[in-house]
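Accompanying notes for the structure given below.
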Amino acid sequence: MAHRRNDIADRLRQRIVAGLHLGVVAGGQRLPSVRVLASELSADPRVVLAAYRELQAEGLVEVRPRSGIYVAAAAGEKGEALPQLAEWVVDVLVQALGRGVPAIEFPERVRRCLRTVRFRTACIECNRDQITGLCRELRDDYGLDTHGVELQALGGGELPDDVRAADLLVTTPFHAAQVQRVAQALGKPWMAVHLRAGFLREVERFLDQGPVYFVATDPRFAEKLRLIFTPAARAENLRPLIVGRDDLAQVPENAPTYVMSAARPMLQDLPLRARLVPAPRVFSDESARELLSFIVRSNMAAIRDGTAPTPPSAETADEG
2 MAHRRNDIAD RLRQRIVAGL HLGVVAGGQR LPSVRVLASE LSADPRVVLA
52 AYRELQAEGL VEVRPRSGIY VAAAAGEKGE ALPQLAEWVV DVLVQALGRG
102 VPAIEFPERV RRCLRTVRFR TACIECNRDQ ITGLCRELRD DYGLDTHGVE
152 LQALGGGELP DDVRAADLLV TTPFHAAQVQ RVAQALGKPW MAVHLRAGFL
202 REVERFLDQG PVYFVATDPR FAEKLRLIFT PAARAENLRP LIVGRDDLAQ
252 VPENAPTYVM SAARPMLQDL PLRARLVPAP RVFSDESARE LLSFIVRSNM
302 AAIRDGTAPT PPSAETADEG
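Quick note on my numbering: the sequence shown kicks off at 2 and runs consecutively.
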């Protein structure tokens, strides 16, 4: 039961945080009831309520007796730190002290592990929506310098400059073999990032209940979507919609609707934005660990070998 509660709390947390970021959720806004969510997620209402209680303890939601559940007012205010974040930071700093790292020095140590070198990354996929999604998550969550590359550009002829100049090649499992061959020929590291299992389970549960809509910009993504979810029992319930080609008004009021990163800017003035199920990040924990291991180890190697770029402040000091 605890695992299921944590899983639901994690999904709700992601939805709310992403909604705040996208502007489709605001502090004080009412959230789906326990009964509605229990039906949507095929979960015990008691487990859903426990998940909401967990988010309330974090300061993200407010459970009002006989009224409903709402996004906490403070959650929508820029600069407000959740109590859970403060506790987590304290735990990390205590662990740092135990390893001989003064708390006051810890942020700079972490910065050097992540930002000493800014890695140029080629995000390779077969459609614009996945390319944009890869670039966004790698840039926003990991600080990588991302460049989108169409998979077709790897087939024959000279490779694109963005591939030749890259420090890292990233794709998905569907194209791992092709990208691996290119990476090995160039002597470059590469990885295939996987989707979060929780995200996949959520979509599959929705598919069991009825149509699930994905709003995208590239018709090729519609075909790819079916490959991703073909193993699902009710994959026929997938409803990909392409902005500019399909009528987005056909989406039913309460249907689960995911929007790809490339499509978000195109929905600013459409009512559909109010019915999105936002997913701020979709990389699996294993892929996140693999990425961070590459970033941290590469930065530490640059520091150790003296190949890290000199900070501008140091250059100024030398000139003086």
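Just so it is clear, CB atoms sit at the ideal spot from N, CA and C, and this is done for glycine as well.
In the DSSP annotation of this structure, the continuous segment of the beta strand (DSSP E) that includes V216 starts and ends at V213 to A217. The three-state reading of DSSP puts C124 in strand, counting E and B together. In the structure shown, R65 falls within a strand segment according to DSSP collapsed to helix, strand and coil.
When DSSP states are grouped into helix, strand and coil, E159 belongs to the coil group. Taking the Cβ atoms as the reference, R206 lies roughly 6 Å from L42, within the contact range of under 8 Å. Residues of the same chain with a CB within less than 7 Å of the CB of T147, apart from the 5 flanking positions on each side, are T122, C124, C136, L139 and R140 in chain order. Taking C-beta atoms as the reference points, A27 and V72 count as a pair closer than 8 Å. Non-local C-beta neighbours of A97 in its own chain, meaning closer than 7 Å and more than five positions away in sequence, comprise A104 and F107, ordered along the chain. L115 and V244 do not touch by the CB rule: their CB atoms are close to 34 Å apart, not below 8 Å. The three-state reading of DSSP puts L50 in helix, counting H, G and I together. Secondary-structure assignment with DSSP links A193 through a beta bridge to T172.
Within the DSSP bridge table, the entry for T258 names Y214 as partners.
Taking N300 as the centre and dropping the five residues before and after it, the same chain places the C-beta of R113, C114, L115, R116, T117, V118 and A309 closer than 8 Å to its C-beta, in chain order.
Taking C-beta atoms as the reference points, F222 and Q131 count as a pair closer than 8 Å.
Here the alpha carbons of A75 and D209 stand approximately 36 Å from one another.
Pairing A186 with R165, the inter-Cα distance amounts to about 11 Å.
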